[in-house]
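Some notes on the structure that comes next.
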Amino acid sequence: MSLLRFEHLSKRYGDVVALDDVSFTVSEGEVFGLLGPNGAGKSTLIRILMDIIRADTGRIEVFGEAHNRSHLDRIGYLPEERGLYAKQKVIDVMVYLGRLKGLGRKEARQRSLAWLERFDLGHTVRWRIERLSKGMTQKVQIASVLLLEPELCVLDEPFSGLDPVNVRLVETLIEERRGRGQTTILSTHLMNQVETLCDRVAMVHQGKRVVYGGVDEVRRAHSLPEVGVDTPDALPTLAGVREIAREGEGRWRLHLFPETDPQSVLAELVRAGIRIERFERLLAPMADVFIRVVEGGERVQEAA
Ligand code: ADP
């Protein structure tokens, strides 16, 4: 079921077209990647969703209704430009933010303490914000959003400034949200995180939606016709294979002709009595997809 629906959104800032007829949906319970190079229009889209700015045309449907301000209590938002009140205590800031989104004081306090523990920040409860390192501040901000347990959460570059341990922690927390059926929109330039976390993605480029679909579908659509094969046997000449490259002991990369069905290559290997320990279609990394689309100005066939 779609939880969020962007329909034909357009937005200009003077002569700059920030969004040009962008439509896509986000399904309930998924992790959705909102991707695109700097200046593509991602923040504009998010700001329209958060009712910070208005679209020129188009509409948004969320939670099955036309979007209105009352929905904002159910949407958590970690903005890219972050600011907390430097002189305030960590716990006071978190309770304040929780109360803004409708939590009672006691509930906000309990949840804040629990989430600070989860982020290994229990010792900072009474610290002033200015005493926190950059990474710690970042964690307090993420905790302040997640403690609301919003049905829909928009995280803009949540991994920036975090060490690998904390990147892993935030990944886990996002996966836990999915496990609870909660929906997360993740805007990030870290394509490894997109591959491991996201179910589907939309990429915008110069204000237009240029890629849209499941992560595997998108990677498949942008992949070269290549398969990886592991076998202890020597490979015979194979019809439909343009080139065979050795990748290591018993590991091969087969570059197929565009019209070759990988299935037929597998059948041929089996017929030749080759012992196969691995046979897989090699998918382009998301980073390659991103670069090809952005640099090539490629308007690709989209996976629906
Ligand atoms: P992203 O978040 O993908 O980096 P933005 O949505 O911030 O992209 O920007 C999209 C385009 O709109 C860019 O060309 C940017 O310069 C322009 N833009 C964004 N905000 C404003 C603004 N307040 N005034 C004028 N131009 C803006």
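Here this note's numbering = 1-based position in the sequence shown + 632. Note that beta-carbon positions come from the ideal geometry of N, C-alpha and C, so glycine has one too.
Under 7 Å, do residue i and residue j count as touching if we go by C-beta distance?
i	j	result
leucine 641	alanine 687	yes
tryptophan 747	leucine 779	yes
glycine 872	leucine 888	yes
methionine 682	tyrosine 645	no
serine 819	leucine 635	no
glycine 928	glycine 673	no
leucine 729	serine 792	no
arginine 714	glutamine 773	yes
glutamate 912	glycine 860	yes
Is residue i near the ligand ADP, with its Cβ less than 6 Å from a heavy atom?
i	result
threonine 689	no
threonine 820	no
glycine 880	no
tyrosine 645	yes
alanine 834	no
alanine 672	yes
serine 792	no
glycine 811	no
serine 655	no
glycine 665	no
serine 634	no
serine 642	no
Under DSSP, the alpha helix (DSSP H) around residue i begins and ends at which residues?
i	result
isoleucine 906	First-last for isoleucine 906: undefined, no H or E at that position.
tyrosine 728	722-732
phenylalanine 922	918-928
valine 826	823-829
aspartate 848	847-853
valine 802	796-811
serine 952	Because the chain spans 633 through 936 in this model, residue 952 falls outside it and cannot be assessed.
Between residue i and the ligand MN, is the CB less than 6 Å from at least one heavy atom?
i	result
valine 648	Because the ligand MN does not appear in the structure shown, any question about it cannot be addressed here, the ligands present being the ligand ADP.
Let me know if residue i comes out buried or exposed under the rule of 16 or more other beta-carbons within 10 Å of its beta-carbon.
i	result
alanine 936	Unreliable positioning characterises alanine 936 in this predicted model, as indicated by a pLDDT of 37, which lies under 50. A coordinate reading is not provided.
isoleucine 856	Residue identity check: residue 856 is leucine in the sequence provided, not isoleucine. Classification for leucine 856: exposed.
glutamate 937	Only positions 633 to 936 of the chain appear in the structure, and residue 937 is not among them; the question remains open.
histidine 837	buried
methionine 726	buried
lysine 771	buried
glycine 754	exposed
methionine 823	buried
isoleucine 908	exposed
valine 648	exposed
threonine 804	exposed
glycine 668	buried
serine 765	exposed
Where does the unbroken beta strand (DSSP E) through residue i begin, and where does it stop?
i	result
isoleucine 707	707-710
arginine 832	832-837
Quick check: the stretch 807-818 against the stretch 651-664, are there 3 or more CB pairs under 8 Å? yes
Would you call the stretch 830-849 and the stretch 911-924 in contact, with 3 or more CB pairs under 8 Å? yes
For the structure I just gave you, are there three or more beta carbon pairs, one from the stretch 783-799 and one from the stretch 709-720, closer than 8 Å? yes
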